[in-house]
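Report on one structure; see the data block that follows.
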Amino acid sequence: MKSSYKRHGMQRTCVRAPQLSAITLALVAANLAPQVACAGVYTASNQSELQAAVVAANADADSSSTINLTASFSFTGATLVTTKSITIDTQGFVLTSIYSTIPINSNYTFEGTYVGAASATTPGYGLAVGNGVFVNNGTVTGGQGIGSNVSGNTGLAVSTRATLTNNGTITGGAATNFNASSTGLGSGVSLASTASNLVNSGSGVIVGGTSDGGVSAAGVFNGVSVGTSIINQGIIRGGAALNGGTGGMGIRLTQGTSTITNSGLIEAGDGAAAIYMFRPTGNLTIVNSGRIHAGSGYANAVEFATGAGLSTLEL
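Counting with mature numbering (1 follows the signal peptide of the UniProt record, and there is no 0), you get residues -39 to -1, 1 to 276 for the letters of the sequence shown.
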């Protein structure tokens, strides 16, 4: 049976051990009975409760905890730093991020639906993470840019030596008449720090945001100077071309040393390369056993800027 009680103002649920038989009592006396695990489960219906639930989970003795949302709400506040593995499950509700910096640190697993707030100035990230190991099993969408030439924002931004494993769906925020070709704005995933890493699993889908009449965003934007890796077993796709615009690149790299290991599908929107290395100082290794497709009407699946650095392709 279940037992619920309050801890630090948040509800915590665990499984109570069944009544002990005479044989079990004898084992207890002999110190042979198994330990009963009790993982903390907390609830949150607003930002304050979410922050309090993280504090409470950090303070309890469980090796991991889960925070279940009981309502949809917006997150605008302080960084959520955890000292252990925490799962946030929106449970059919929506967590909307108005934040445009990195508010989530350490080790989190995301279940459910996460959306960046739409804006005419600075849309929110769907999620933004740093300093830890993160798993997405949910649906994450970057904030939409409202009005002409206003960018959407990144679906999931990865910063400060973080590793993201995506088992769900991540989509960049949409825009109108915006040229996303030279920025990470509107990308499905952006890598923005040394030693940031992405693993897109076989069930993972990452798609760049569309730009109606403009240039759509990349599926993955890598703006890091050194030591990043992208492992793709699923689908990474540039944003679609809309109303005479140009599609987004599958993966756009701006500089530094990067490795892409692909056994899935990397493809661009119409009129773009699937993988593009922008800066002449960039060094890129591609290990490919999957598919790499240029967008319709474009000749090159993999393309380098003039004078690009060392490149290695393994098939």
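Think of the CB as a built atom: it goes at the ideal place given N, C-alpha and C, for glycine as much as any other residue. Just so it is clear, the structure is predicted and the values come from calculations on it, not from any experiment.
Beta-carbon spacing of residue i, residue j below 8 Å
i      : j      : result
Ala89  : Ser35  : no
Ser257 : Ser224 : no
Ala202 : Gly180 : no
Thr44  : Asn19  : yes
Gly103 : Gly175 : no
Ala153 : Val185 : yes
Ser112 : Phe139 : yes
Gly211 : Ala178 : no
Asn193 : Ala234 : no
Thr126 : Val96  : yes
Ala135 : Gly108 : no
Phe239 : Thr222 : no
Thr115 : Gly91  : no
Glu264 : Tyr237 : yes
Gly206 : Ser172 : yes
Val55  : Ser33  : yes
Ile247 : Leu226 : no
Asn183 : Arg213 : yes
Residue i - DSSP class collapsed to helix/strand/coil
i        : result
Asn128   : coil
Leu41    : strand
Ser9     : helix
Val185   : coil
Ala202   : strand
Ser257   : coil
Asn19    : helix
Ala136   : strand
Leu(-15) : Confidence is the limiting factor: at Leu(-15) the pLDDT is only 36, short of 50, which leaves the residue's position unreliable, though a coordinate-based value still follows. Note: Leu(-15) maps to helix in three-state DSSP.
Ser(-36) : Because the pLDDT at Ser(-36) is just 41, under 50, the model does not fix this residue reliably, and the value given afterwards should be weighed accordingly. Ser(-36): strand per DSSP, three-state reduction.
Cβ distance (whole Å) where residue i is taken to contact residue j below 8 Å
i      : j      : result
Thr132 : Gly149 : 6 Å
Leu117 : Gly87  : 6 Å
Asn98  : Gly129 : 5 Å
Gly85  : Ile65  : Their Cβ separation, rounded to whole angstroms, is 13 Å, which puts Gly85 and Ile65 out of contact at 8 Å.
Thr74  : Thr100 : 5 Å
Ser190 : Thr220 : 5 Å
Thr57  : Val76  : 5 Å
Gly230 : Gly200 : 5 Å
Ala5   : Leu11  : 4 Å
Thr27  : Gln8   : 18 Å between Cβ atoms; not a contact.
Asn68  : Ser46  : 5 Å
Bridge partner(s) assigned by DSSP for residue i
i      : result
Ala89  : Ala118
Ser25  : Ser46
Tyr95  : Rather than Tyr, the amino acid found at residue 95 in this sequence is Phe. DSSP lists Tyr69 and Leu125 as partners of Phe95.
Asp173 : Thr137 and Leu203
Gln193 : The sequence given here has Asn at residue 193, not Gln. Its beta-bridge partners are Asn161 and Asn223.
Gly1   : Ser26
Thr57  : Ser35 and Val76
Ser109 : Thr137
Ser272 : Leu245
Ser151 : Ala118 and Phe182
Thr144 : In DSSP, Thr144 forms no bridge with anything.
Thr102 : Val76 and Thr132
message = For a minimum of 3 consecutive residues, which ranges assigned as the beta strand (DSSP E) are wholly contained in the stretch 209 to 255?
response = 212 to 214, 218 to 223, 226 to 228, 236 to 238, 244 to 249 and 252 to 254
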